Amino acid sequence: MLVTLEGLDGSGKTTVWEALHDVYPDAVFTREPTDDSWYGEAVNRAIGDDDADPLATLFLFTADHADHLSRVVRPALADGELVISDRYSDSRYAYQAASLRDSDITRPMEYIMGIHAAFSRTPDKTIYLDVDPETAAARSGKTNKFEQAAYLADVRANYERLIEAEPERFIRVDATQPPEDVLDAVEAALADILDEQ
Ligand SMILES: Nc1ncnc2c1ncn2[C@@H]1O[C@H](COP(=O)(O)OP(=O)(O)OP(=O)(O)O)[C@@H](O)[C@H]1O
Ligand SMILES: Cc1cn([C@H]2C[C@H](O)[C@@H](COP(=O)(O)O)O2)c(=O)[nH]c1=O
1 MLVTLEGLDG SGKTTVWEAL HDVYPDAVFT REPTDDSWYG EAVNRAIGDD DADPLATLFL
61 FTADHADHLS RVVRPALADG ELVISDRYSD SRYAYQAASL RDSDITRPME YIMGIHAAFS
121 RTPDKTIYLD VDPETAAARS GKTNKFEQAA YLADVRANYE RLIEAEPERF IRVDATQPPE
181 DVLDAVEAAL ADILDEQ
């Protein structure tokens, strides 16, 4: 089963993802962008480059996703493992659709989803850590071009579109709560997901 954690920068995904290691010691914990491949390194260069072309950046993230899928996610799923990924394809649909909003591509989210449809694997469940853009930007420290409240407001609107389109896949957790309450809510959601299996 593939479970993904999604949300704005600073929503607390990594805090939750790290805490879940103790709860599910046998699960495969992974992330996007990857942190163990040259594709992930290329993505991180694009994140740090204010002048990086948004379309080129989309394809770097997508290349990293393709490698992540074939090298980590698909083999683990084939072995029957629980895979928990800190960010996954929805991050592309939400972030790169926002980056390409004023580009020549008329429907960026649909375009990005179309690219993924040919090869990707949709998560079984996605836990969305919901936080307002101002809190997200403040928590993340505004260290790069993505961690800005105005941009994150567009990203959040895109996440809302995704949730509206697939309400059965997404579980929304209020990420403005204290970290221990957020973790309790995520643990309860995951327990329900695994019970339903
Ligand atoms: N529920 C919370 N309440 C207050 N602060 C939090 C909460 N969860 C995480 N934080 C803090 O916010 C900061 C960002 O958390 P974290 O790295 O987990 O977020 P993230 O969603 O993974 O961000 P990014 O996508 O930018 O990597 C950290 O300093 C963390 O301690
Ligand atoms: C996977 C993915 C990520 N991003 C953005 C979101 C963040 O600002 C950075 C790095 O992610 P992290 O969780 O803070 O390490 O990249 C993106 O724009 N598109 C994606 O597909």
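Counted from 1, the sequence shown has number 183 at position 183 by full-length UniProt numbering; the numbering is strictly sequential.
Even for Gly, the Cβ is constructed at its ideal location relative to N, Cα and C.
Computed from a prediction, not measured in an experiment: that's the story for all the values here.
Report whether the distance from the Cβ of residue i to the nearest heavy atom of ligand 2 is below 7 Å.
i, result
"S91", "yes"
"I105", "no"
"P25", "no"
"I47", "yes"
"H95", "Per the sequence shown, residue 95 should be read as Tyr rather than His. Yes."
"N144", "yes"
"R87", "yes"
Whole angstroms are fine: how far does the CA of residue j sit from the CA of residue i?
i, j, result
"Y111", "D49", "24 Å"
"E196", "L190", "10 Å"
"T126", "G7", "10 Å"
"I193", "R121", "18 Å"
"I105", "H68", "26 Å"
"T143", "I171", "28 Å"
"V23", "D79", "20 Å"
"P108", "F119", "18 Å"
"I47", "D181", "31 Å"
"A149", "E134", "5 Å"
"E187", "D51", "39 Å"
Which one of the options has the shortest CA to CA distance from residue i?
i, options, result
"I84", "S99, A46 and A19", "A19"
"L129", "T122, L183, K145 and L77", "L183"
"P54", "S91, R121, H116 and A98", "A98"
"F59", "V72, D79 and Q96", "Q96"
"P167", "L100, D124, A78 and H65", "D124"
"L2", "T30, Q148, V16 and D22", "T30"
"D26", "L82, I47 and P75", "L82"
"V28", "T4, T15 and I47", "T4"
"F146", "L100, P178, A66 and T176", "L100"
"D102", "A185, Q148 and D154", "D154"
"T57", "R169, A185, V186 and Y93", "Y93"
Answer yes or no: the CB of residue i versus the heavy atoms of ligand 1, is any distance below 7 Å?
i, result
"D9", "yes"
"T30", "no"
"P75", "no"
"P179", "yes"
"T15", "yes"
"A175", "yes"
"S140", "yes"
"G12", "yes"
"T155", "The amino acid occupying residue 155 in the given sequence is Val; Thr does not appear at that position. Every heavy atom of ligand 1 is 7 Å or more from the Cβ of V155, so no."
"V182", "yes"
Query raised in the report: Touching or not, the stretch 139-153 and the stretch 8-26, by the rule of three or more beta carbon pairs under 8 Å?
Result: Output reads yes: the stretch 8-26 touches the stretch 139-153.
Query raised in the report: Counting Cβ pairs, one atom from each stretch, are 3 or more of them under 8 Å apart for the stretch 36-51 and the stretch 157-168?
Result: With contact defined as three or more Cβ pairs closer than 8 Å, the stretch 36-51 and the stretch 157-168 are not in contact.
Report task. Taking 8 Å as the threshold, find out whether the stretch 39-47 comes into contact with the stretch 89-96 through three or more Cβ pairs. Result -> No: the two stretches stay apart, fewer than three of their Cβ pairs being nearer than 8 Å.
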